[in-house]
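This report concerns only the one structure given below.
Protein chains: 2
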Amino acid sequence: MSETKALANWVVKNRLEDIPEDVRREALRAIVNYTGCALGGSPDPAVNLAMQAFAPFFGPATASILGRKERVDPLHASLMNGISSHVYDYDDTTPKNYIHPSSPVASALFAYASANKVSGRDFVHAFILGFEAESRIGNSVYPAHYDVGWHITGTAGVFGAAIAIGKLIGLNEQQMIWAIGLAATQAAGLREMFGSMAKSLHPGRAAQNGYGSALLAHAGFTSGVHGLEGPRGFAAVQAAKYDLSKITAGLGVDFDLRENTYKPFPCGIVNHPTIDGAIQIHQANHPAPESIRAVRLRVAPLVMDLCNQQNITRGLQGKFSVYHGAAIGLVRGKAGIREYTDESVNDAAIKRVRESATAVGDASLTEDQANIEVELASGEKFSRFVEKSLGNINRPLTNQQLDDKFRDQAVLALPADRVERAIELCWRIDQLADVNELVQQACEN
Amino acid sequence: MSETKALANWVVKNRLEDIPEDVRREALRAIVNYTGCALGGSPDPAVNLAMQAFAPFFGPATASILGRKERVDPLHASLMNGISSHVYDYDDTTPKNYIHPSSPVASALFAYASANKVSGRDFVHAFILGFEAESRIGNSVYPAHYDVGWHITGTAGVFGAAIAIGKLIGLNEQQMIWAIGLAATQAAGLREMFGSMAKSLHPGRAAQNGYGSALLAHAGFTSGVHGLEGPRGFAAVQAAKYDLSKITAGLGVDFDLRENTYKPFPCGIVNHPTIDGAIQIHQANHPAPESIRAVRLRVAPLVMDLCNQQNITRGLQGKFSVYHGAAIGLVRGKAGIREYTDESVNDAAIKRVRESATAVGDASLTEDQANIEVELASGEKFSRFVEKSLGNINRPLTNQQLDDKFRDQAVLALPADRVERAIELCWRIDQLADVNELVQQACEN
Chain A
1 MSETKALANW VVKNRLEDIP EDVRREALRA IVNYTGCALG GSPDPAVNLA MQAFAPFFGP
61 ATASILGRKE RVDPLHASLM NGISSHVYDY DDTTPKNYIH PSSPVASALF AYASANKVSG
121 RDFVHAFILG FEAESRIGNS VYPAHYDVGW HITGTAGVFG AAIAIGKLIG LNEQQMIWAI
181 GLAATQAAGL REMFGSMAKS LHPGRAAQNG YGSALLAHAG FTSGVHGLEG PRGFAAVQAA
241 KYDLSKITAG LGVDFDLREN TYKPFPCGIV NHPTIDGAIQ IHQANHPAPE SIRAVRLRVA
301 PLVMDLCNQQ NITRGLQGKF SVYHGAAIGL VRGKAGIREY TDESVNDAAI KRVRESATAV
361 GDASLTEDQA NIEVELASGE KFSRFVEKSL GNINRPLTNQ QLDDKFRDQA VLALPADRVE
421 RAIELCWRID QLADVNELVQ QACEN
Chain B
1001 MSETKALANW VVKNRLEDIP EDVRREALRA IVNYTGCALG GSPDPAVNLA MQAFAPFFGP
1061 ATASILGRKE RVDPLHASLM NGISSHVYDY DDTTPKNYIH PSSPVASALF AYASANKVSG
1121 RDFVHAFILG FEAESRIGNS VYPAHYDVGW HITGTAGVFG AAIAIGKLIG LNEQQMIWAI
1181 GLAATQAAGL REMFGSMAKS LHPGRAAQNG YGSALLAHAG FTSGVHGLEG PRGFAAVQAA
1241 KYDLSKITAG LGVDFDLREN TYKPFPCGIV NHPTIDGAIQ IHQANHPAPE SIRAVRLRVA
1301 PLVMDLCNQQ NITRGLQGKF SVYHGAAIGL VRGKAGIREY TDESVNDAAI KRVRESATAV
1361 GDASLTEDQA NIEVELASGE KFSRFVEKSL GNINRPLTNQ QLDDKFRDQA VLALPADRVE
1421 RAIELCWRID QLADVNELVQ QACEN
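In order, the protein sequences belong to chains A and B. When we follow this note's numbering, the leftmost residue of the first sequence carries the number 1, and every step to the right adds one. When we follow this note's numbering, the leftmost residue of the second sequence carries the number 1001, and every step to the right adds one.
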């Protein structure tokens, strides 16, 4: 059986009872983390500008966007949820493939559920299936696909959204195969966009186009039936090397949700160990910013590939600057949303420390590790080696830390009492008769 | 200056007076051909199903779809025009890069012009700029990009639509650079979809997403500024080999529109020489279908790559079967839209002749050439060598043949008197004060 057909078959036949209990629990953590990120990003200029650009094209106002008061059609709500939830680069990651997996899937699902009655059980089930399919498809083409320059969150994400919505609307196996094919032929998103608003467009379009793929397939709009494995299909075209067996091996037994991680810092994950080390030095040694003469970083080579920007002026660029990560950790002892504003990037003390930093790639370090050395004008030196960064699968955020992270973001969009109610509903989303109960709490209405 | 910036600069500064007269004339031929194709495809099931899938999401009904009575928002009109105009694979081609160039560009422009007042001068000017940019970007990545499996009409088309709409809405240079970046990060479409409805989705989405890219850029939504040439940009990610100098060499002097061709047959262009030869044998020798024992084809190797399907049951598959092309030419002496229906593919005589055919790739043949040999049960043989297929740049369709092709298709959507009026308006679209005058003739309202 082809991978496309096998995956479609699994999704169509799967029942929530087939999903292990620990996976269902991790799904709740992922949804809590996602919802906080969507709320935090919802007032961002990227969302405002996309709303402005597409307002004349919105369909009937049947759907809600998390964190916002406007009502739009569900496809545009998917797009906006996707932009919101990724714009701060604060959403979850599966380190094995660098996908931000929840954003494309949950952005489509929340848009759908805001316009249609969906039980929490069905919502969580569709989320798990979409997440799993997306991550497995990503595994099959990682790392060649990512290395050449694809933003895998966009390219794999469109499959996750198509499969999740396809499950909710009850696609049969043939329709699910078409939905996968239609997703494959819309898989897009370039890493060249990192540091611009377009990066957050990727999960937005993935959510919207995945949703649209399911709608087209449901109507009977055909695609090629070998979207994943065909000689001109997704894997062959978008990866110089790939292993399709990763899509189906252990399907239904092994779940990538178990390996999902939640970022403690709203920036490119490869910067996290550096920030972690910088915060540790701040907390232990309190070096005054003006006393810092040099900062020397040793990092995994991928960091130099992704985050080697030093001369920056915008908050978005800061997310992809390992130098900025070191500077805010050292100067402020934290790296929250306020450390990635334009103002923070142009703050004189942060700028000076950032510009005092040098970095070298070191192939002996994993992407969870970093070494940071700070030299003061006095000649005194402090250093930290971070072996496993906070947020790593072996040092995960606790549920309490997820709540704190949710609150820090959600207050940007909602009154405090509404934030608490939304957190509480998120944790028991699987028990809600109608997910709209949560959506309504999480919208500024 | 980077290629992205140079192209944006050229488009923003260009005036219609800068375009040579012969290029403007060819633009009219391209628009006539496009409009006939959009009308012919407009009642196709692929369009009906896409309309059905997206109807609940249509925005305010300000725009028209060529050939149809429904009014929708302009982005959905772009999508539907794109599907209509390509679903029969009858639209134009630039043989140097295999792009169907007009569909993504004109589909967006007609949608825009149906909802906004646009003069014929501005319309034709934006069309030429979009066409040219799209074709040049395609040239820069062809053939590696196409060979690996990208449907270049979708991937290059999104740039054409973004640039054409961007010109009409008056983007400045920075905005045009963003529009190009936003198009780059949405460039999609896999050749795996050939033979299914999803192939026609590609120019549809290219038109819709290109239009959307221009809208986002106009609002100030940023992208990376090296969408074309960046190390993780379009060319580097989507082509193993590329030559960016083809984007800017001779810009404003050499125009790919001069090399545009119009298909005499509604199927994959690489089948055309075979069909041409088969029709010649039909006309000269009138072999009775039941007398045909064997058909032997020698074709360019690419034909075997693209059109080596023999065991087929659907009209759409016939478009990518060189065997079917030979069979309809021999049996019916023509290859019009009616020869690519499901009924025709399953016609007993055509099926028998198709199944009697064999084909071999021959690297000594160009993609405009084919050799066909027919052997009768009597042992008698007829053969034809086609050196330059009808529709080739050296054997172009005349304006009269373009009119005939328009009529053959447009009668599927419009009453005969409306067809004649639409043809007449198309030929003088550059003189219309408002292109909507043509759109209204070309809509079933």
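Built from N, CA and C at the ideal position, the CB exists for glycine as well.
For F127 (chain A), the enclosing alpha helix (DSSP H) stretches over residues 120-141. Secondary structure at A214 (chain A): helix, using DSSP grouped into helix, strand and coil.
As for any beta strand (DSSP E) of minimum length 3 sitting wholly inside the stretch 1330-1393 of chain B, the runs are 1357-1361, 1370-1376, 1381-1386, ordered along the chain. An exposed status is given to P415 (chain A), since fewer than 16 other beta-carbon atoms sit within 10 Å of its beta-carbon.
Here the alpha carbons of P143 (chain A) and F320 (chain A) stand approximately 20 Å from one another. Taking 9 Å as the Cβ-Cβ cut-off, the stretch 182-201 of chain A approaches chain B at L182, A184, T185, Q186, A187, A188, G189, L190, R191, E192, M193, F194, G195, S196, M197, A198, K199, L201, given in chain order.
V141 (chain A) and L244 (chain A) have their C-alpha atoms spaced approximately 8 Å apart. Between the alpha carbons of A1008 (chain B) and G1130 (chain B) lies a gap of roughly 11 Å. The beta carbon of R1421 (chain B) is closer than 6 Å to those of Q1441 in its chain, skipping five residues each way along the sequence. Going by DSSP, V1023 (chain B) is part of no beta strand (DSSP E) but of the alpha helix (DSSP H) stretching over 1021-1041.
When only Cα atoms are considered, S1102 (chain B) and Y1034 (chain B) end up about 7 Å apart. Scanning chain B for C-beta atoms nearer than 7 Å to the C-beta of Q52 (chain A) yields A1219, reported in chain order. Neighbourhood of P1043 (chain B) in chain A, by CB distance below 7 Å: empty, with the nearest CB roughly 15 Å away. In the structure shown, N1308 (chain B) falls within a strand segment according to DSSP collapsed to helix, strand and coil. Counting only runs that start and end inside the stretch 215-298 of chain A, the alpha helix (DSSP H) elements of at least 4 residues fall at 234-238, 245-248, 272-285. Three or more Cβ pairs drawn from the stretch 1050-1065 of chain B and the stretch 71-81 of chain A lie within less than 8 Å of each other, which places the two stretches in contact. The stretch 101-120 of chain A makes contact with the stretch 416-436 of chain A; the number of CB pairs closer than 8 Å reaches 3 or more.
In this chain, the alpha helix (DSSP H) harbouring D403 (chain A) covers 399-410.
In the DSSP assignment, T1153 (chain B) forms no beta bridge with any residue. Here I1337 (chain B) has G1040, Y1088, Y1090, P1266, D1408, Q1409, L1412 as same chain residues with Cβ atoms under 8 Å from its own Cβ, once five neighbours each way along the sequence are excluded. Not a single CB atom of chain B sits nearer than 8 Å to the CB of F131 (chain A). Against A1236 (chain B), the close residues of chain A are G149, in the order they occur along the chain (beta-carbon pairs closer than 7 Å).
Per the C-alpha coordinates, the member of B:H1282, B:G1149, B:R1015 positioned closest to R232 (chain A) is B:G1149.
Ranking A:P20, A:S2, A:H282 by CA distance to the CA of V374 (chain A) puts A:H282 first. Close to chain B, meaning a Cβ-Cβ distance shorter than 8 Å, is no residue of the stretch 77-91 of chain A at all. A distance below 8 Å separates the beta carbons of F1221 (chain B) and M197 (chain A).
Residue pairing of R1071 (chain B) in beta bridges, as defined by DSSP: B:S1064.
Per the C-alpha coordinates, the member of A:P95, A:I83, A:H125, A:V124 positioned closest to S107 (chain A) is A:I83.
Between the beta-carbon of H272 (chain A) and that of S389 (chain A) there is about 4 Å, and that keeps the pair under the 8 Å contact cut. Interface criterion not met: the Cβ of D1362 (chain B) is under 8 Å from no Cβ in chain A.
Residues of the same chain with a CB within less than 8 Å of the CB of G1252 (chain B), apart from the 5 flanking positions on each side, are W1010, N1014, D1018 in chain order. Secondary structure of L190 (chain A) (DSSP, three-state): strand.
H86 (chain A) sits away from S213 (chain A), with the two beta carbons spaced by 8 Å or more. Collapsing the DSSP output to three states places S1321 (chain B) in a strand.
With respect to A300 (chain A), T366 (chain A) sits close: the two C-beta atoms are nearer than 8 Å. When DSSP reads this structure, T94 (chain A) sits in a beta bridge with A:I99.
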